[in-house]
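Notes for the one structure printed next.
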Amino acid sequence: MTAVLSAHDVAYAYEGADPVFAGLSLDVAAGRSLALLGPNGVGKTTLLRLLTGGLRPARGEIRLDGSPVSYSRRGLTELRTRVQLVLQDPDDQLFSASVTQDVSFGPVNLGLPADEVRARVVEALAAMEITELADRPTHLLSFGQRKRVAIAGALALRPAVLVLDEPTAGLDPSGVEALLATLADLQAADTTIVASTHDVDLAHRWAQDAAVLAGGRLHTGPAAGLLADEALLHAARLRPAWGPAVGRLLRRHGILPADAPDPRTPADLAATGD
Amino acid sequence: MTAVLSAHDVAYAYEGADPVFAGLSLDVAAGRSLALLGPNGVGKTTLLRLLTGGLRPARGEIRLDGSPVSYSRRGLTELRTRVQLVLQDPDDQLFSASVTQDVSFGPVNLGLPADEVRARVVEALAAMEITELADRPTHLLSFGQRKRVAIAGALALRPAVLVLDEPTAGLDPSGVEALLATLADLQAADTTIVASTHDVDLAHRWAQDAAVLAGGRLHTGPAAGLLADEALLHAARLRPAWGPAVGRLLRRHGILPADAPDPRTPADLAATGD
Amino acid sequence: MLAIDAAAYRSPWRRHHPAAKALLAGGLLGCALVLPPWPGAPVTAAITLAVALGWARVPPRTLLRAARTPLGFALTGSLTFLVTVGPDGLGWADGGVRRAADVVARCTAALLCQLLFAGTTPLADTLPRLTRLGLPVTLVEVAALIYRMLFVVLDTTRRIRDAQAGRLGTRSLRAAWRSLGGLGSAVFIRSFDRARRLEAGLAGRGYTGSLSVAVAEIPLKTRFLATAPLPAALAILTTLTLQSLP
Amino acid sequence: VHIAEGYLPVTHAVAWSAAAAPFIVHGVIRLNRQIQAAPEDKLLLGASGAFCFVLSALKIPSVTGSCSHPTGTGLGAILFRPPIMTVLGTITLLFQALLLAHGGLTTLGANAFSMAVAGPWAGYAAYLLTRRLGLLPAVFAGAFVADLTTYCVTSVQLALAFPDAESGFTGALAKFGGIFAVTQIPLAVSEGLLTVLVVRLLRTSAAADLIRLGVLRKREEVPA
């Protein structure tokens, strides 16, 4: 496993407040999907901001491809062209009048020539399947569309790692389905995906790896195993997911073979045990 | 069944836009909990605002205790002292920097004497279990705390019906648990609860009745039955819930008796079939 | 979010009536402004600092950080006193150092009095009481709304800035300007949008134009009220005593 | 630059408060009238005030590498008219004094006179005089003049309070002007440019608001 991005013994405290955490380490494996879980207020967003250069750790270091990130202008540019953060509320990320203008913000700042900027915008809109929104003013879009534009704005920098803070918040089920499909496509095209959530069902369904923030410590491992650990989830004030609970019950009754994976969605159950 | 609040053949269109719906009817049964389900953009919030007097129907009528609502100042005051709406984003409702001052707004507006206002504030804060926040400034509260203050502001009017738009949006699992417990307490104290959501698992777990908005029509019935109808959920672009799917599978395998209710949470499964 | 504001809500003096705190800090402020700067200003500053740190427990870090900008202003502004502009151009001013020291001392003492009040008295307690001083209700209500919305808008501003930085919006001067223009317009749009949503939210709570609320009573504690003028009295007495010394 | 608490002699603090008072009273009367006519404007005024506060807290980069804050008084005067801006500006100054220790309570009158009265009125006049040259040039002129006026008035206030030992008021004005106003010219240009950038974006994304505020003359100036 190569860690494309990692936090090494990182501590952070906001001004005048107690430390959010004092010494966390996390490796983000290249090409995989990682869910960061924890209750509100535990520091998920802080950790994501540390990983993406928005905050500078008080102690420890963030490493990109194994080398410590430098917080010089050049170092930050390097980090930000490789790692992009998508915020929970798309309105915090859309500040231009039109979709095209907004998506071009990153490439233009990078100083790319106009042709290249245009190509990047077209590519990012296509990846998010919103090519038809290119000329629309951002403020007339629906929430789900604005979310897609915000992600396109990050993709326009062609990041190796896409970090999303609560990407499904505010989306309805079909919006969630569509987003998960898009994330899978991005991952297939070699983008590493990190997403924070407090929805264990979602993480169990979507992520290959998981990291659970509980009591100032980070527990990491493959999602299937880690998210079946009810004691850990309880300690992290999270609700157990249906999938592992159903899988356990079905295996106990011999309906599911002992080595079968847990179901991920209710639809998986339709064919089970027949 | 007595309908404390109902919509009768209600139509509404925003200015310059297509009708959101053309002729919906809904009865809210006194003392029960009703979940209003549908994807984003289908008009859930519009319907809630019609029910609570925030919008006036283009056709049809809203009825309170069986009588049509009058849109005079007096009629609206009557409606709003009986029916209170809590919005999704608490910052859309909290206008004061002080929690106590904010919660007192409704009762003061109603012209109640100072003693009564104070008593109502104390009562509402106690009902939401946030008495200790009374002197805290709004802007230093967490999202979940602000949400509770917003609900307390509605409760201070002692409404017969509490209407909540996406009450669990943005809350983490333990926040959701706490809110559901509080809503159950309110219902036990005779408050009728209506909540919109697009989370079928949540609705299945929490609500006695359900109403699903699909294709401009409203399908209503007891939650247990309605939310097990996968064809309806599919038409409404919602994701089937785990509970009914698991229940169906377990009954098929004889693990659950034919007349047993569907499980509501993964925790329900632990004791199942033993 | 704003350190002085946060300190005010946590202050052990939170339970004291704003008027009593205004009397205490105001008395000291009067001393800082009216007493002869030497030894009046250092005496007042010392007493105010003792009250702020020892009695009112204003966090020293907050006090220090808040004092930096205004002290910077006082120092740079007073540098001009050191020189004089005459017919032959610039020259050193006679007594310029003394004059600068007077002003900086008075300014420091007054600033500490201001921070003593601000660091112990939340605006949420003060604003609704301003109507009792005869200020128009609409003015006070608008001020209270600004105070509430300020934090919502500040929070939005911080997040937009972070998002811009994340997309290399601070990489060059050009990018920084582009970001700033976007930020300014986004904050305007978000503020107005917030106002409209708040209007809809309040309509559901019965808003028809008045934002009257019940203000929690804070009893005027006679003991605190009685001690409130004492620090100022002490400052006056000490100054007079020191002056009468040969 | 806000005059700090205790910096001005008492007589000056009182005199400037008296000078600012009629403008503030006038603004409050206009505010009252506006809210009486349209109660829903109360919330918009709250938002406008919050916007002014945040605007004045932004950092603008300058060529010298140092950072400064815009006064925001020009944009505020253009958007909300000088009388309303006087009220919003004074409230902003009060909050800056109590929340940030920028400016003082006894110097509130002096600061209000420069930032909430002189700056907005001068900026608005410049805006009106240049309005026929087009929206953006007028916005630049308004913001530039408002910013510069604010700092010139502050220099006058300081020079009056601390006349030069030899050359009196004129010498002092030259000194304070040297320190504040002259270094302020690049910053006034910066504020003018920033304001143009903001209004240019608002013209596309918030045209309806600008029309309602009377900044845009109906549809003619709204880009397609």
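Residue numbers (the working numbering), protein chains in the order written: chain S, 1 to 274; chain A, 275 to 548; chain C, 549 to 794; chain E, 795 to 1018. The C-beta atom is built at its ideal place from N, Cα and C for all residues, glycine as well.
Interface flag, residue i vs chain A, CB-CB below 7 angstroms
{"i": "leucine 249 of chain S", "result": "yes"}
Within chain A, partners of residue i - CB distance below 8 angstroms
{"i": "serine 760 of chain C", "result": "Phe379, Val382 and Asn383"}
Residue i: contacting residues in chain C (beta-carbon distance under 7 angstroms)
{"i": "isoleucine 854 of chain E", "result": "Leu728"}
{"i": "leucine 414 of chain A", "result": "Ala554 and Tyr557"}
{"i": "serine 96 of chain S", "result": "Gly730"}
{"i": "glutamine 145 of chain S", "result": "Chain C residues near glutamine 145 of chain S: none, gap ~17 angstroms exceeds 7 angstroms."}
Chain B contact for residue i (CB, 7 angstroms cutoff)
{"i": "isoleucine 708 of chain C", "result": "As a matter of chain content, chain B is missing from the structure shown, whose protein chains are S, A, C and E."}
Chain S within 7 angstroms of residue i, Cβ atoms only
{"i": "threonine 998 of chain E", "result": "yes"}
{"i": "histidine 478 of chain A", "result": "no"}
{"i": "glycine 315 of chain A", "result": "yes"}
{"i": "histidine 493 of chain A", "result": "no"}
{"i": "alanine 724 of chain C", "result": "no"}
{"i": "alanine 551 of chain C", "result": "yes"}
{"i": "leucine 512 of chain A", "result": "yes"}
Which residues DSSP lists as bridging residue i, in chain order
{"i": "arginine 59 of chain S", "result": "S:Ala11"}
{"i": "aspartate 958 of chain E", "result": "E:Gly962"}
{"i": "proline 137 of chain S", "result": "S:Ser98"}
{"i": "isoleucine 467 of chain A", "result": "A:Ser307 and A:Leu436"}
{"i": "serine 341 of chain A", "result": "A:Leu338"}
{"i": "threonine 770 of chain C", "result": "DSSP output for threonine 770 of chain C lists no bridge partner at all."}
{"i": "aspartate 301 of chain A", "result": "A:Ser280"}
{"i": "leucine 213 of chain S", "result": "S:Leu218"}
{"i": "threonine 540 of chain C", "result": "Coverage of chain C is limited to positions 549 through 794, which leaves residue 540 of chain C absent and any answer about it impossible."}
{"i": "glutamine 358 of chain A", "result": "A:Leu436"}
{"i": "alanine 22 of chain S", "result": "S:Ala11"}
Cutoff 7 angstroms: residue i Cβ touching any chain C Cβ
{"i": "aspartate 92 of chain S", "result": "yes"}
{"i": "valine 373 of chain A", "result": "no"}
{"i": "proline 293 of chain A", "result": "no"}
{"i": "leucine 50 of chain S", "result": "no"}
{"i": "isoleucine 829 of chain E", "result": "yes"}
{"i": "arginine 80 of chain S", "result": "yes"}
{"i": "glycine 328 of chain A", "result": "yes"}
{"i": "glycine 170 of chain S", "result": "no"}
{"i": "alanine 1018 of chain E", "result": "Low per-residue confidence applies at alanine 1018 of chain E: pLDDT is 48, beneath 50, and the placement is therefore not dependable, though the value from the model is reported in the following sentence. Judged by the 7 angstroms Cβ criterion, alanine 1018 of chain E is not in contact with chain C."}
{"i": "asparagine 87 of chain S", "result": "Before going further, note that residue 87 of chain S is leucine rather than asparagine in the sequence given. At least one chain C Cβ lies under 7 angstroms of leucine 87 of chain S."}
{"i": "serine 862 of chain E", "result": "no"}
Cβ-based burial, residue i [other Cβ within 10 Å; buried from 16]
{"i": "threonine 786 of chain C", "result": "buried"}
{"i": "isoleucine 425 of chain A", "result": "buried"}
{"i": "proline 635 of chain C", "result": "exposed"}
{"i": "tyrosine 71 of chain S", "result": "exposed"}
{"i": "tyrosine 918 of chain E", "result": "buried"}
{"i": "histidine 1023 of chain E", "result": "A question about residue 1023 of chain E goes unanswered here, because the residues of chain E that appear run from 795 up to 1018."}
{"i": "arginine 696 of chain C", "result": "buried"}
{"i": "lysine 853 of chain E", "result": "exposed"}
Cβ of residue i within 7 angstroms of any chain E Cβ
{"i": "leucine 681 of chain C", "result": "no"}
{"i": "proline 608 of chain C", "result": "no"}
{"i": "cysteine 579 of chain C", "result": "no"}
{"i": "arginine 742 of chain C", "result": "yes"}
Contact set between residue i and chain A, taken where Cβ atoms lie within less than 9 angstroms
{"i": "leucine 269 of chain S", "result": "Trp516, Ala519, Val520, Arg522 and Leu523"}
Where residue i meets chain A, residues with beta-carbon distance less than 7 angstroms
{"i": "isoleucine 255 of chain S", "result": "His527"}
{"i": "glycine 175 of chain S", "result": "Asn314"}
Beta-carbon proximity check, residue i vs residue j, cutoff 7 angstroms
{"i": "arginine 670 of chain C", "j": "tyrosine 557 of chain C", "result": "A small fix is needed here, since residue 670 of chain C is proline in this sequence, not arginine. Yes, they are a contact pair."}
{"i": "phenylalanine 938 of chain E", "j": "alanine 982 of chain E", "result": "yes"}
{"i": "phenylalanine 963 of chain E", "j": "serine 949 of chain E", "result": "no"}
{"i": "valine 474 of chain A", "j": "valine 302 of chain A", "result": "no"}
Residue i: contacting residues in chain C (beta-carbon distance under 8 angstroms)
{"i": "aspartate 941 of chain E", "result": "Correct list: empty, because the minimum Cβ distance to chain C is about 14 angstroms."}
Residue i: contacting residues in chain C (beta-carbon distance under 9 angstroms)
{"i": "glycine 60 of chain S", "result": "Chain C residues near glycine 60 of chain S: none, gap ~21 angstroms exceeds 9 angstroms."}
{"i": "phenylalanine 889 of chain E", "result": "Leu671, Ala691, Ile694, Tyr695 and Leu698"}
Listed by chain order, chain S residues near residue i by CB distance under 7 angstroms
{"i": "alanine 734 of chain C", "result": "Phe95"}
Neighbouring residues, chain E, relative to residue i (Cβ below 7 angstroms)
{"i": "valine 633 of chain C", "result": "Asp958, Glu960, Ser961, Gly965, Ala968 and Lys969"}
Under 9 angstroms from the C-beta of residue i: neighbouring residues of chain S
{"i": "alanine 713 of chain C", "result": "Gly53, Gly54, Leu76 and Arg80"}
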